[in-house]
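Here the structure comes first, spelled out in structure tokens, and everything after it is commentary.
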Amino acid sequence: MRSAEFSEIDRRLLNDFQQEFPLSPTPYADIARALGVSEDEVIAALARLQARGAVSRVGAVVRPNTVGASTLAAMSVPPAEIERVAALVSGFPEVNHNYEREHALNLWFVASAPEADRLRAVLDDIAARTGYEVLAFPLVEDYHIDLGFDLRI
Amino acid sequence: MEHSLPTPHRPRVDDADRRLLAAIQHGLPLVSRPYAEIASRLGLSEAEVITRLTCLRDTGVIRRFGVVVRHRELGYAANAMVVWDVPDDRVTELGCCLAGFDFITLCYRRPRRPPHWRYNLYCMIHGKSRDEVFAHLEWMVNHCRLQALPHEVLFSRRRFKQCGAVYERQPIAVS
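Structural data, given as structure tokens:
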């Protein structure tokens, strides 16, 4: 990525606040002080980054299976059918990620629900409505400590 | 579904915590006092919202709290899920080895699904190009001595959906 596409404030916001975001009454003002700019500039920059899709949100990444139940799942869908099936899968509010990948098992998604029973029902419903088997790959063990991602921009 | 899903274990998350996580699932509002705004929607005080979020972060329910970026929009066009068939007694050792690289964003053990799927260790590699992903992969294979272990590289071809998880059946509307 050509770093000229992002201002210095953008780069600092994207790289330096992926974790340890201030849990104080005025987090944007706290960040602004750290960056030597105004609170309004921080808020405007985050709004711009969100509008252009570089930032998904400012918020929490919840550890899987602590608040609700979630799983990775995959389906093997004929290429001619993939757009239709993918749209159907994405249409479920419980599905938060949905990707086509280069493999015979070509549609991979993550589904989350308040309880394991509801999650199972969603996966069953997806299989029934698409006509393709859904393989569930729930998390067994997590080895990664999430410190954010160094974007090097 | 022919396979059972695990029963989630839930460390000290009460109903107000759930409502709070639901209220911020699409992001904190970009206003001067975002926690106060969330608090007013939920009928809580600003201080209680901050205390609860701090506690959820400290207990690891929230694994990360901050700016959530989209890799693809930031120039990381190549995104590969790499899956490994690892002997069961070596999964933890190798999972910890893979998880140590800074270009890895996820590293999970998941169940095999014979006869469809033999792999039990997953990691996600983000790179600016396929070549960069393969260079990372080669480095990992050499460093963690994975040469003998079967693996496959599943590049993403298309992203159909990417958003935060929705844990409430009736999501609380946020602006």
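Chains as they are written, first to last, in the UniProt record's numbering: chain A, 1 to 153; chain B, 1 to 175.
Backbone N, C-alpha and C define an ideal beta-carbon position, used for all residues, glycine too.
**Cutoff 6 Å; reference A:Ala32; Cβ partners in own chain excluding five residues on either side** = Ser38, Glu39 and Val42.
**Prompt:** Is A:Val37 close to chain B, meaning its C-beta is less than 7 Å from at least one C-beta of that chain?
**Reply:** Under the 7 Å criterion on CB atoms, A:Val37 is classed as non-interfacial with respect to chain B.
**Asked** What in chain A is Cβ-close to B:Cys96, meaning under 7 Å?
**Response** Here the neighbours are Tyr143.
**Request:** Note down, in chain order, every chain B residue with its Cβ under 7 Å from the Cβ of A:Arg63.
**Result:** At a beta-carbon threshold of 7 Å, the residues of chain B lying near A:Arg63 are Gly60, Val61 and Arg63, ordered along the chain.
**Prompt:** Between which two residues does the beta strand (DSSP E) carrying B:Glu162 extend?
**Reply:** A quick correction: the sequence has Gln, not Glu, at residue 162 of chain B. For B:Gln162, the enclosing beta strand (DSSP E) has its first and last residue at His151 to Gln162.
**Prompt:** Beta-carbon of residue 154 of chain A versus every beta-carbon of chain B: anything under 7 Å?
**Reply:** Look at the range of chain A in this structure, 1 to 153, and you will see that residue 154 of chain A is not part of it.
**Same chain only: Cβ atoms within 6 Å of A:Ala74, ignoring 5 sequence neighbours per side** = So the qualifying residues of the chain are Leu105, Trp108 and Leu135.
**Request:** Measuring only between beta-carbons, confirm whether A:Val58 sits less than 7 Å from chain B.
**Result:** Judged by the 7 Å Cβ criterion, A:Val58 is in contact with chain B.
**Message:** Looking at chain A, is there any beta carbon in it that lies within less than 7 Å of the beta carbon of B:Cys55?
**Reply:** For B:Cys55, the answer is no, since every Cβ of chain A falls outside 7 Å of its Cβ.
**Message:** So A:Leu139 and A:Pro64 are supposed to be a Cβ contact under 8 Å. How far apart are they, rounded?
**Reply:** Between A:Leu139 and A:Pro64 the beta-carbon gap is near 5 Å, inside 8 Å, which marks them as a contact.
**Request:** Measure the beta-carbon distance from B:Ser129 to B:Ala80 and round it to whole angstroms, keeping in mind my assumption that it falls under 8 Å.
**Result:** The pair is not a contact, with the Cβ atoms about 11 Å apart (cut-off 8 Å).
**Message:** Which residue wins for smallest C-alpha separation from B:Met124, given the options B:Leu137, B:Arg33, B:Lys161 and B:Leu106?
**Reply:** Ranking B:Leu137, B:Arg33, B:Lys161 and B:Leu106 by Cα distance to B:Met124 puts B:Leu106 first.
**Straight-line gap, B:Asp17 to B:Val61 (C-alpha atoms, nearest Å)** = Straight-line measurement puts the Cα of B:Val61 at about 10 Å from the Cα of B:Asp17.
**Request:** Consider the C-beta atom of A:Val58 and the heavy atoms of the ligand SAH; say whether any pair is separated by less than 6 Å.
**Result:** This structure lacks the ligand SAH; in fact it carries no ligand of any kind.
**Asked** Do the region 50 to 64 of chain A and the region 51 to 65 of chain B touch if we need at least three Cβ pairs shorter than 8 Å?
**Response** By the Cβ criterion, the region 50 to 64 of chain A is in contact with the region 51 to 65 of chain B, since at least three pairs of Cβ atoms, one from each stretch, lie closer than 8 Å.
**Against chain B: residues of the region 10 to 34 of chain A by CB proximity under 8 Å** = Taking 8 Å as the upper bound on Cβ-Cβ separation, chain B lies near residues Leu13, Leu14, Phe17, Gln18, Gln19, Glu20, Phe21, Leu23, Ser24, Pro25, Thr26, Pro27, Tyr28 and Ala29 of the region 10 to 34 of chain A.
**Asked** Given that A:Gly131 touches chain B, what residues does it touch there, using C-beta distances under 7 Å?
**Response** Neighbours of A:Gly131 on chain B: none; closest Cβ ~15 Å, over 7 Å.
**Request:** Examine chain A for any beta-carbon lying closer than 7 Å to the beta-carbon of B:Glu73, and answer yes or no.
**Result:** Yes, B:Glu73 counts as interfacial toward chain A.
**Prompt:** Can you find a C-beta in chain A that's less than 7 Å from the C-beta of B:Arg145?
**Reply:** Proximity of B:Arg145 to chain A, defined by a Cβ-Cβ separation below 7 Å, is not satisfied.
**Message:** For A:Glu100 and A:Ala86, which I take to be in contact (beta-carbon distance under 8 Å), what is that distance rounded to the nearest angstrom?
**Reply:** At roughly 7 Å, the Cβ-Cβ gap stays under 8 Å, so A:Glu100 and A:Ala86 are in contact.
**Message:** On a Cα-Cα basis, can you pick out the residue from A:Leu88, A:Ala51 and A:Ser24 that is closest to A:Arg129?
**Reply:** Ranking the options by Cα distance to A:Arg129, first place goes to A:Leu88.
**Item:** For A:Asn65, the three-state DSSP class (helix, strand or coil)
**Value:** Reduced to three states, the DSSP call for A:Asn65 is coil.
**Asked** So which of A:Phe6, A:Arg48, A:Gly68 and A:Ala34 has the shortest CA-CA distance to A:Pro114?
**Response** The candidate whose alpha carbon is nearest that of A:Pro114 is A:Gly68.
**Span of the beta strand (DSSP E) around B:Tyr76** = Counting along the chain, B:Tyr76 falls outside any beta strand (DSSP E), and DSSP gives it neither H nor E.
**Prompt:** What are the partner residues of B:Arg110, as DSSP defines its beta bridges?
**Reply:** Bridge partners of B:Arg110: none, in fact.
**Request:** Please confirm if A:Glu102 has its CB atom under 7 Å from at least one CB of chain B.
**Result:** At a cut-off of 7 Å between beta carbons, A:Glu102 contacts chain B.
**Prompt:** How about B:Ala22 and B:Leu42: are their beta carbons less than 7 Å apart?
**Reply:** No, they are not a contact pair.
**Prompt:** How is the alpha helix (DSSP H) around A:Val42 delimited, first residue to last?
**Reply:** Note, A:Val42: alpha helix (DSSP H), Glu39 to Ala51.
**Message:** Against chain A, with Cβ distances strictly below 7 Å, would B:Gly127 count as a contact?
**Reply:** Output row for B:Gly127: interface = no.
**Message:** I'd like to know if B:Val69 contacts chain A, where contact means its C-beta is closer than 7 Å to some C-beta of that chain.
**Reply:** Closer than 7 Å: yes.
**N-terminal and C-terminal residue of the alpha helix (DSSP H) that B:Leu146 is part of** = Segment: none, B:Leu146 is in no alpha helix (DSSP H) and carries neither H nor E.
**Request:** Measure the C-alpha to C-alpha separation of B:Ala36 and B:Ser45 and round it to an integer number of angstroms.
**Result:** C-alpha separation (whole angstroms): 7 Å.
**Asked** Pairing CB atoms from the region 41 to 58 of chain A with CB atoms from the region 90 to 102 of chain B, are three or more of them under 8 Å?
**Response** Segments in contact, no.
**Message:** Rounded to the nearest angstrom, what separates B:Tyr119 and A:Ala111 at their Cα positions?
**Reply:** So the two alpha carbons sit approximately 20 Å from each other.
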